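Student: Using numbering that gives the first Met the number 0, the first residue of the sequence shown is number 0, and each one after it goes up by one.
Each residue gets a CB set at the ideal place from its N, CA and C atoms; glycine is no exception.
Owing to the predicted nature of the structure, the values given are computational and were not obtained by experimental measurement.
Right, I'll just put the structure down here and ask away after.
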Amino acid sequence: MTTDSIESRLKEDRKFPPSDEFVKHARVSSHAAYTTMYQRSLESPEEFWREETQELVFRETWKTFATWELPKAQFFVGAKLNASESCLDRHLHTARRTKAAIIFEGEPGDTRTLTYFELHREVVRLTAALSDMGVKKGDRVAIYMGMVPEAAISMLACARLGATHSVVFGGFSAEALRDRINDLGAKVLLTQDGAWRRGSVVPLKKMADAAVEQAPTIEKVVVLRRIGEHLAPCAMKSGRDMWWEDALSNPPSDAALKLAKHPEAFDAEHPLFVLYTSGSTGKPKGVLHTTAGYLAGAHVTTKYVFDVKESDLYWCTADVGWVTGHSYITYGPLSCGATCLMYEGAPNFPDPGRFWNVIEKHGVTVLYTAPTAIRAFIRWGDEFPQKADLSSLRLLGSVGEPINPEAWTWYHKVIGGGRCPIVDTWWQTETGCIMLTTLPGACYSKPGATGLPLFGVDIEVVKDDNQPCAANEGGKLVIRKPWPSMARTLWGDDERWKTAYWTQMPGVYFTGDGARRDPDGYFWVVGRIDDVLNVAGHRIGTAEIESALVSHPMVAEAAAVGRPDELKGQALVVFVTLKSGHVADKTTKNKLAEHIDREIGKFARPDSIRFADALPKTRSGKIMRRLLKEIASGATSPQGDTSTLEDLGVLAKLRAGDSDEA
Ligand code: WT7
0 MTTDSIESRL KEDRKFPPSD EFVKHARVSS HAAYTTMYQR SLESPEEFWR EETQELVFRE
60 TWKTFATWEL PKAQFFVGAK LNASESCLDR HLHTARRTKA AIIFEGEPGD TRTLTYFELH
120 REVVRLTAAL SDMGVKKGDR VAIYMGMVPE AAISMLACAR LGATHSVVFG GFSAEALRDR
180 INDLGAKVLL TQDGAWRRGS VVPLKKMADA AVEQAPTIEK VVVLRRIGEH LAPCAMKSGR
240 DMWWEDALSN PPSDAALKLA KHPEAFDAEH PLFVLYTSGS TGKPKGVLHT TAGYLAGAHV
300 TTKYVFDVKE SDLYWCTADV GWVTGHSYIT YGPLSCGATC LMYEGAPNFP DPGRFWNVIE
360 KHGVTVLYTA PTAIRAFIRW GDEFPQKADL SSLRLLGSVG EPINPEAWTW YHKVIGGGRC
420 PIVDTWWQTE TGCIMLTTLP GACYSKPGAT GLPLFGVDIE VVKDDNQPCA ANEGGKLVIR
480 KPWPSMARTL WGDDERWKTA YWTQMPGVYF TGDGARRDPD GYFWVVGRID DVLNVAGHRI
540 GTAEIESALV SHPMVAEAAA VGRPDELKGQ ALVVFVTLKS GHVADKTTKN KLAEHIDREI
600 GKFARPDSIR FADALPKTRS GKIMRRLLKE IASGATSPQG DTSTLEDLGV LAKLRAGDSD
660 EA
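And the structure:
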């Protein structure tokens, strides 16, 4: 959040109802209809979900809708299904067979369309190949790819086999990939030679090699040729590595082909995927989602929030490496039979008009993107969107961080031409699908407010004692009841699942976010109130950054904090105390920045590195982050109580200290 926008959000009282034209065609077209559905989802959840999951393919229906003994919950207990069947096979008996499932736009401008028939065929081929490699139900497969259709194909092939996939964002370093593979004990890695990014090549296979070097469980690496030998040469290790095209063209065994064509149905609670995300310790959390509940949540929310119609071309600009790419590029839209646009590259390549040209070129109707991108577009200038024909757009979405009213208004006016509703969607890796928004044909939106709870979501803003806050009173955002698409646990760490989410306030799920609810019942999410930052929509744990820094031989101590930033929402500022004998200079800064690139990934590079002789601490030795945050934000005198400070001199030095940007 930018500082001025917090102020402006609090003053915001405009309401934007959808146009009559939008309402006329909307799935849910009045506030009363939304309320009825919402009430029903809470009062008769089983009937609600039975009706709303009609289109999903359950080979066996559930015996019990839900059971829980918190923090563990189960949904659709006893049901059997194969998630890929709902996303693919079911469409093959309908007119969707020849409809585009994925329209791919490569960064260099190449395009490729996969119909549902073709997508199914490719998934079947990969499933058979994986099966012949020995991948079985329950095995883990890591996916380290860019934004290419094969990323979605990989997820679906794993789902088809019952192997649990874990997509690792292509911006993560070799070390980060290695740690995730090892935590999971993954058997196979699916990757590509390289990915296009702003005209240059991200050498994914090279990084994968470095990771696999220290990941003994990996037996096979399958490599998609996206770039080609001249720009992304790959060392293929014989017996371990194989080209995607070869893996697929080898004739599969009869058994593998049979399994791929007629996949097994798995238990509702079978682990579908693990996605790592940041928490408040140095170790990332492997968020586990299971099959039926997750798919149900992704499916129902895609259908209603994006109001997806047969004629839509829906574009979610998120990366497949994040949960948005799972729920709203892969499982949600495909289970709805939607046509998804997938764009490979950067929004400003070859120029800042790229997004708008893509919309014009393909006729995108629904656009789902992030506030940080919107703020960058504003900075790049209105002439770029104004040059393109954006009249195909009918609905806009936002996700990842609070959207400030300035960005909202620009998005509405310049991109949406004033006619497209905006759905601001609040959710998390852990929630699996959207929890708060305004259904586009049913509810007016307010710039900066996320909106109202979705189906089955019993959500509230509470004080520390778990008592509800009054209207407009700030507090903690908690979810009172389990919901079908919620994470089931953290991979291999039930204890952390419990302590991280369920013990702050007994019996309720704590989101880590602060929020307020206005008198109309609209939620305004302020942002993280735990030790997690949101930098340009990337979730970054301060402890992860700190532990990466202290692993460098020059560093004695480090503290990472956020500072409001106009473009990124939050910027990452680190305070570092060096071990004696090391010089606090530009060279050291560069070394530390490169160290973060290596340990985590370039996207986690600090915006500013500041050196200090010592960090301000309480008597018990805890780093006083609140003070560091104030210093990072440029506050000139300490605010609030500093009586627990060990050494006030430390504080003065920090404030006067080097504040060069990293
Ligand atoms: C955190 C979750 C959800 C997919 C992308 C991020 C913040 C997300 C919003 C929003 C305000 C938002 C929250 C949340 N967040 N969407 N619409 N308004 N804040 O998933 O990496 O798991 O991060 O992102 O702080 O806790 P994630």
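1. Can you say whether S43 is buried or exposed, counting buried as having 16 or more other CB atoms within 10 angstroms of its CB?
2. Does the distance between the C-beta of Q427 and the nearest non-hydrogen atom of the ligand WT7 fall short of 7 Å?
3. Taking only heavy atoms of the ligand WT7 into account, decide whether any of them is closer than 7 Å to the Cβ of D245.
4. Using CA atoms only, rank isn't needed, just tell me which of I608, V575 and A141 is closest to L614.
5. Could you tell me whether any non-hydrogen atom of the ligand WT7 is closer than 7 Å to the CB of R495?
6. Give the DSSP-derived three-state secondary structure of V357 in the structure shown.
7. Near W666, what residues of its chain come up, given a Cβ to Cβ distance below 7 Å and the 5 sequence neighbours on each side ignored?
8. Could you spell out the range, first to last residue, of the alpha helix (DSSP H) harbouring I544?
9. Excluding the 5 residues preceding and the 5 following E543 in the sequence, name in chain order all residues of the same chain whose CB lies nearer than 6 Å to its CB.
10. When you compare only the Cα positions, how much space is there between L532 and A558?
11. So which of I458, L653, F305 and G170 has the shortest CA-CA distance to R393?
12. In the structure shown, what three-state DSSP assignment does N533 receive?
13. Would you mind giving the Cβ-Cβ distance between G473 and V525, rounded to the nearest angstrom? I have them listed as a contact below 8 Å.
14. Between W501 and the ligand WT7, is there a pair consisting of the residue's CB and a ligand heavy atom that are separated by less than 7 Å?
15. Under three-state DSSP, which class holds I681?
16. With a CB to CB cut of under 7 Å and the five nearest residues on each side skipped, what residues in its chain are close to L256?
17. Indicate, with yes or no, if the ligand WT7 has a heavy atom lying under 7 Å from the CB of T371.
18. Among K360, L87 and P349, which has the Cα closest to the Cα of R120?
19. Tell me where the beta strand (DSSP E) around F272 begins and ends.
20. Please classify C315: does DSSP put it in a helix, a strand, or coil?
21. According to DSSP, which residues form a beta bridge with R562?
22. For the ligand WT7, I want to know if S546 counts as a neighbour, meaning its beta carbon is within less than 7 Å of at least one of the ligand's heavy atoms.
23. Hey, quick one: how far does the beta strand (DSSP E) through L395 stretch, first residue to last?
24. Write down the C-beta distance between K672 and V560 rounded to the nearest angstrom, noting that I regard them as a contact closer than 8 Å.
25. Ignore the nearest five residues each way along the sequence and tell me which others in F454's own chain have a CB closer than 7 Å to its CB.
26. Using the three-state DSSP reduction, which class does P148 fall into: helix, strand or coil?
27. Is L653 helix, strand or coil by DSSP?
28. For the ligand WT7, is there a heavy atom less than 7 Å away from the beta-carbon of V398?
29. Check each candidate in T368, A151 and K98 and name the one with the smallest Cα separation from V398.
30. Which residue or residues does DSSP assign as beta-bridge partners of E104?
31. Over the uninterrupted alpha helix (DSSP H) stretch that includes Q427, give me the two end residues.
32. Just to confirm the assignment, what range does the beta strand (DSSP E) spanning L258 have?
33. What is the DSSP secondary structure of V56, counted as helix, strand or coil?
34. From V460 to K475, what distance separates their C-alpha atoms?
35. Should N471 go down as buried or exposed, given a rule of 16 or more other Cβ atoms within 10 Å for buried?
36. I need the DSSP call for A264, collapsed to helix, strand or coil.
Tutor: Let's see:
1. If you number the sequence shown from 1, residue 43 lands on position 44. By the 10 Å Cβ count, S43 comes out exposed.
2. Counted from its first residue, the sequence shown places residue 427 at position 428. For the ligand WT7, at least one heavy atom lies less than 7 Å from the Cβ of Q427.
3. One-based indexing of the sequence shown puts residue 245 at position 246. No, the Cβ of D245 stays beyond 7 Å of every heavy atom of the ligand WT7.
4. Here residue 614 refers to the residue found at position 615 when the sequence shown is read from its first residue. L614 has its Cα closest to that of V575, out of I608, V575 and A141.
5. As a working note, residue 495 is residue 496 in the sequence shown. The answer is no for R495.
6. Residue 357 sits at position 358 when you count from the first residue of the sequence shown. Three-state DSSP puts V357 in a helix.
7. Past the boundaries of the shown model lies residue 666; the chain is included only from 0 to 661, so the question cannot be answered.
8. In the sequence shown, counting from the first residue as 1, residue 544 sits at position 545. Looking at the DSSP string, the run of the alpha helix (DSSP H) that includes I544 is T541 to V549.
9. For the purposes of this step, residue 543 is taken as residue 544 along the sequence shown, with counting starting at 1. Cβ neighbours of E543 beyond the five flanking positions: S277 and G281.
10. Position 533 of the sequence shown, counted from the start, is the residue given in the question as residue 532. Position 559 of the sequence shown, counted from the start, is the residue given in the question as residue 558. L532 and A558: Cα-Cα distance of roughly 13 Å.
11. Taking the sequence shown and counting its residues from 1, one reaches residue 393 at position 394. Nearest of I458, L653, F305 and G170 to R393, Cα basis: F305.
12. As a first step, residue 533 must be located in the sequence shown, where it is residue number 534. Correct three-state label for N533: strand.
13. Along the sequence shown, one-based indexing puts residue 473 at 474. Along the sequence shown, one-based indexing puts residue 525 at 526. Between V525 and G473 the Cβ distance is about 7 Å, and since that is below 8 Å, they are a contact.
14. By 1-based counting over the sequence shown, the position of residue 501 is 502. Result no, Cβ not under 7 Å from the ligand WT7.
15. Outside the displayed span of the chain (0 to 661) sits residue 681, for which this structure offers no information.
16. Residue 256 sits at position 257 when you count from the first residue of the sequence shown. Cβ within range, chain order: A127.
17. Here residue 371 corresponds to residue number 372 of the sequence shown, with the count starting at 1. It does not: the Cβ of T371 is nowhere closer than 7 Å to a heavy atom of the ligand WT7.
18. For the purposes of this step, residue 120 is taken as residue 121 along the sequence shown, with counting starting at 1. Closest by alpha carbon: L87.
19. Here the question's residue 272 lines up with position 273 in the sequence shown. Unbroken beta strand (DSSP E) run through F272: P270 to T276.
20. Start at 1 with the first residue of the sequence shown, and residue 315 comes out as number 316. Of the three classes helix, strand and coil, the one that applies to C315 here is strand, per DSSP.
21. Residue 562 sits at position 563 when you count from the first residue of the sequence shown. A570, per the DSSP bridge assignment.
22. The sequence position of residue 546 within the sequence shown is 547, counting from 1. No, Cβ of S546 sits at least 7 Å from all heavy atoms of the ligand WT7.
23. Locating residue 395 in the sequence shown gives position 396, counting from the first residue. Looking at the DSSP string, the run of the beta strand (DSSP E) that includes L395 is L394 to V398.
24. In this structure the chain extends from 0 to 661, so residue 672 is not present and cannot be described.
25. The sequence position of residue 454 within the sequence shown is 455, counting from 1. Close CB contacts of F454 within its chain, under the 7 Å cut and outside five residues either way in sequence, are with M36, Y37, S40, F47 and V299 (chain order).
26. Taking the first residue of the sequence shown as 1, we reach residue 148 at position 149. Note: P148 maps to helix in three-state DSSP.
27. To locate residue 653, count along the sequence shown from 1; it is residue 654. Correct three-state label for L653: helix.
28. By 1-based counting over the sequence shown, the position of residue 398 is 399. V398: yes, Cβ under 7 Å from the ligand WT7.
29. If you number the sequence shown from 1, residue 398 lands on position 399. Selected option, being the one with the closest Cα: T368.
30. Here residue 104 corresponds to residue number 105 of the sequence shown, with the count starting at 1. According to DSSP, which records beta bridges pairwise, E104 is partnered with T110 and Y342.
31. Start at 1 with the first residue of the sequence shown, and residue 427 comes out as number 428. Where Q427 is concerned, there is no enclosing alpha helix (DSSP H), given that its DSSP letter is neither H nor E.
32. Taking the sequence shown and counting its residues from 1, the one referred to as residue 258 is at position 259. L258 -> not in any beta strand (DSSP E); alpha helix (DSSP H) instead, spanning D253 to K260.
33. As a working mapping, residue 56 is identified with position 57 in the sequence shown. DSSP places V56 in coil when its eight states are reduced to three.
34. Within the sequence shown, the letter at position 461 stands for residue 460. Within the sequence shown, the letter at position 476 stands for residue 475. The alpha-carbon atoms of V460 and K475 are separated by roughly 5 Å.
35. Along the sequence shown, one-based indexing puts residue 471 at 472. With fewer than 16 other Cβ atoms within 10 Å, it is exposed.
36. For this step, residue 264 is matched to residue 265 along the sequence shown. A264: coil per DSSP, three-state reduction.
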